[in-house]
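Protein chains in written order, with this note's numbering: chain X, 670 to 919; chain P, 403 to 653.
We treat Cβ as the ideally placed atom computed from N, Cα and C, and that holds for glycine.
The model shown is predicted, which means the values in this text are computed figures rather than measured ones.
Below you'll find the structure, written out as structure tokens, and then a few comments.
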């Protein structure tokens, strides 16, 4: 299967006079999951909004397979922090929406959507409305919606931030499972260190605002997947990352 | 719970009629009140004429209200959605809005050829503004998130307008329509008081005959129809918007 490489080259972004991103560069190799860690308010969401095309950079550029992002050519799957779903559409219709606006009719996409819903465990709830499902289910629905368009890049902005700890464990396992199945080049933003250590192939730690890349660590060589949250290497890496973030508060 | 509510409502209406009867007997207020019995008798007496006048009034209403829908919804939607349209349309709306529909009556009676058109236009003017304003608010308050998500999924501008902004604004639009129905129906009466046939004209005619029971009878008919019209819109609202959390609480 074709996998995408994502390159971010020296991007900076300010809002009015507030500089939020400061010369950020990183690469996500095809099929890998990049974890982005950083203190709250450092600009992680802005970074993702830029990658998704919602915001524009001030300087620098983003390259998808060495080309500038193009809405016709490239497909970006975005899971927002707010887990926004359209309240007037059922779960199934929400997931279909990305295909609908690309002109793909419902009949052809039905099987694809049903399979996706089964993968995220929402098939029984496909006709429910967003206000009738839980936060964890909304996260799954948003993930399914993002995957439905067969994206080149998958962006997840702290999708489990507002979800209870127990559900979060299951959802993290799902993300891992889905990543292994679909091998989407993914950028996963979180302030939860354990979550990142569990999921990421590579991690970048951001400084506080204006955010720059404080450290980049390749976890795939030191921690083979599947990972055990309780073994020593895991906890050690987690400790190191926590310390890195805490330094930003001093 | 619903039974109790309906019981209390029924009780309230009965008590109201009783108080009305007492007030008319005792002649307490500085006004000559018709007795409920007389009003009921008038309704009975006028039973064969009420349908035709109702037909006239409803025709005026449907004509004017339909034009209001056709003009106000697109105007409100486009003004709410596009800044340039808003800049163009809003000043005109804001200048005309403060003019009460009733004030338009002389103008309209002179400038429009037929009485029917004149009435319809008055109703149009009355119902236009609530529909326009609420539609406008709906479209200008579409949550940015909804639009952003659609963009990341690759939706084009037209798709976003029709498939995101419109459904998102639908509660406001329907609310505007409901208010528009109420105001529009009130304008029917005003529009007919000066010539065009209908329930409103009958109120004036009965007044000239000093037949206050008949006047009251027609008032009640008008009230009931207005109530029914609003109920219909309300039911459409509820059926269409069942996806809104906690919406169907007060009917």
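Mind checking whether residue i and residue j have CB atoms under 8 Å apart?
| i | j | result |
| --- | --- | --- |
| residue 858 of chain X | residue 825 of chain X | yes |
| residue 816 of chain X | residue 845 of chain X | no |
| residue 615 of chain P | residue 457 of chain P | no |
| residue 482 of chain P | residue 533 of chain P | no |
| residue 585 of chain P | residue 529 of chain P | yes |
| residue 680 of chain X | residue 687 of chain X | no |
| residue 711 of chain X | residue 878 of chain X | yes |
| residue 593 of chain P | residue 551 of chain P | no |
| residue 740 of chain X | residue 556 of chain P | yes |
| residue 704 of chain X | residue 872 of chain X | yes |
Can you tell me whether residue i is helix, strand or coil according to DSSP?
| i | result |
| --- | --- |
| residue 919 of chain X | coil |
| residue 728 of chain X | strand |
| residue 564 of chain P | helix |
| residue 856 of chain X | strand |
| residue 901 of chain X | helix |
| residue 830 of chain X | coil |
| residue 672 of chain X | coil |
| residue 484 of chain P | coil |
| residue 435 of chain P | coil |
| residue 747 of chain X | strand |
| residue 695 of chain X | strand |
| residue 633 of chain P | helix |
Ordered along the chain, which non-local residues of its own chain (more than five positions away) have a Cβ less than 7 Å from that of residue i?
| i | result |
| --- | --- |
| residue 892 of chain X | 902, 903 and 906 |
| residue 673 of chain X | 699, 733, 734, 821, 822 and 854 |
| residue 475 of chain P | 533, 537 and 575 |
| residue 451 of chain P | none |
At a Cβ threshold of 8 Å, is residue i touching chain X?
| i | result |
| --- | --- |
| residue 484 of chain P | no |
| residue 561 of chain P | yes |
| residue 548 of chain P | yes |
| residue 552 of chain P | yes |
| residue 428 of chain P | no |
| residue 453 of chain P | no |
| residue 543 of chain P | no |
| residue 557 of chain P | yes |
| residue 646 of chain P | yes |
| residue 599 of chain P | no |
| residue 565 of chain P | yes |
Could you give the distance in angstroms between the alpha-carbon of residue i and the alpha-carbon of residue j?
| i | j | result |
| --- | --- | --- |
| residue 582 of chain P | residue 498 of chain P | 16 Å |
| residue 842 of chain X | residue 562 of chain P | 34 Å |
| residue 881 of chain X | residue 860 of chain X | 16 Å |
| residue 793 of chain X | residue 801 of chain X | 13 Å |
| residue 729 of chain X | residue 676 of chain X | 11 Å |
| residue 648 of chain P | residue 798 of chain X | Since pLDDT at residue 648 of chain P reaches only 47, below the 50 mark, its modelled position is unreliable, and the value read off the structure follows with that caveat. Approximately 13 Å, taken between the alpha carbons. |
| residue 511 of chain P | residue 500 of chain P | 20 Å |
| residue 725 of chain X | residue 638 of chain P | 43 Å |
| residue 573 of chain P | residue 536 of chain P | 9 Å |
| residue 786 of chain X | residue 795 of chain X | 7 Å |
| residue 626 of chain P | residue 494 of chain P | 35 Å |
| residue 742 of chain X | residue 695 of chain X | 22 Å |
| residue 760 of chain X | residue 779 of chain X | 13 Å |
| residue 910 of chain X | residue 678 of chain X | 24 Å |
| residue 791 of chain X | residue 784 of chain X | 10 Å |
| residue 720 of chain X | residue 539 of chain P | 31 Å |
| residue 408 of chain P | residue 603 of chain P | 34 Å |
| residue 887 of chain X | residue 897 of chain X | 17 Å |
| residue 701 of chain X | residue 856 of chain X | 9 Å |
| residue 692 of chain X | residue 473 of chain P | 51 Å |
| residue 559 of chain P | residue 413 of chain P | 55 Å |
| residue 590 of chain P | residue 462 of chain P | 7 Å |
| residue 601 of chain P | residue 455 of chain P | 5 Å |
| residue 440 of chain P | residue 503 of chain P | 33 Å |
Near residue i, what residues of its chain come up, given a Cβ to Cβ distance below 6 Å and the 5 sequence neighbours on each side ignored?
| i | result |
| --- | --- |
| residue 597 of chain P | 517 |
| residue 465 of chain P | 522 |
| residue 748 of chain X | 811, 812, 815, 825 and 828 |
| residue 605 of chain P | 617 and 620 |
| residue 876 of chain X | 883 and 917 |
| residue 769 of chain X | none |
Check whether the Cβ of residue i lies closer than 8 Å to any Cβ atom in chain P.
| i | result |
| --- | --- |
| residue 740 of chain X | yes |
| residue 733 of chain X | no |
| residue 728 of chain X | no |
| residue 853 of chain X | no |
| residue 723 of chain X | yes |
| residue 767 of chain X | yes |
| residue 756 of chain X | yes |
| residue 771 of chain X | yes |
| residue 798 of chain X | yes |
| residue 751 of chain X | yes |
Spatial neighbours of residue i within its chain, please: C-beta separation below 8 Å, excluding the five flanking residues on both sides.
| i | result |
| --- | --- |
| residue 652 of chain P | Confidence in residue 652 of chain P is poor, its pLDDT being 48 and thus under 50, which makes the residue's placement unreliable; the coordinate value appears in the next sentence. Hits under 8 Å: none found. |
| residue 830 of chain X | 750, 859, 860 and 861 |
| residue 570 of chain P | 540, 544, 545 and 548 |
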